[in-house]
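*Asks:* Numbering (the working numbering), first residue to last: 305 to 420.
Note that CB positions come from ideal geometry on N, CA and C, so glycine has one too.
1) Just the C-alpha distance for residue 361 and residue 375, rounded to the nearest angstrom, thanks.
2) What is the C-beta distance between residue 342 and residue 403, in whole angstroms, given that I count them as a contact (C-beta under 8 Å)?
3) Identify which residue in 410, 352, 367 has its Cα closest to the Cα of residue 327.
4) Whose CA, out of 401, 344, 346, 352, lies closest to the CA of residue 334?
5) In three-state DSSP terms, what is residue 320?
6) What did DSSP end up calling residue 352 once you bin it into helix, strand or coil?
7) When you compare each of 370, 407, 401 to residue 386 by their alpha carbons, which one comes out closest?
8) Going by beta-carbon coordinates alone, are residue 381 and residue 324 separated by less than 9 Å?
Rendered as structure tokens:
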């Protein structure tokens, strides 16, 4: 599957951890690959969602640890949690196309917002 390196946490001029930005970009890239594989119905499509979810959990943990999740953006974090729950439900139901849609259209856009 994919490998992600989490390097030491370094802050940029806005106080945002560079590793979260890097991880976010990598997660988006991997999510796009997974969604494309699912959309094209290539072999291994069913196995693509679990690693995506694992990376999303890692990204979420870093967001929380960084202090990026606070009262000012709690509504955005709740949407993130809701979409992650929808992804888990789609995966559980075996609806891979819905899972790919959630990954590609919902979660990737939210990751882009988090790492701005």
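*Replies:* Taking the structure as given:
1) Inter-residue distance for residue 361 and residue 375 is about 20 Å (C-alpha atoms, whole angstroms).
2) Contact flag correct, Cβ pair sits at about 7 Å.
3) With distances taken between Cα atoms, residue 327 lies closest to 367.
4) Taking each of 401, 344, 346, 352 in turn and checking the Cα distance to residue 334, the smallest one comes out for 352.
5) Low confidence applies here, because residue 320 scores a pLDDT of 47, under 50, leaving its location unreliable and the question unanswered by this model.
6) Residue 352: coil per DSSP, three-state reduction.
7) For the residues 370, 407, 401, the minimum Cα distance to residue 386 belongs to 407.
8) No; because the gap between Cβ atoms is not below 9 Å, this pair is not in contact.
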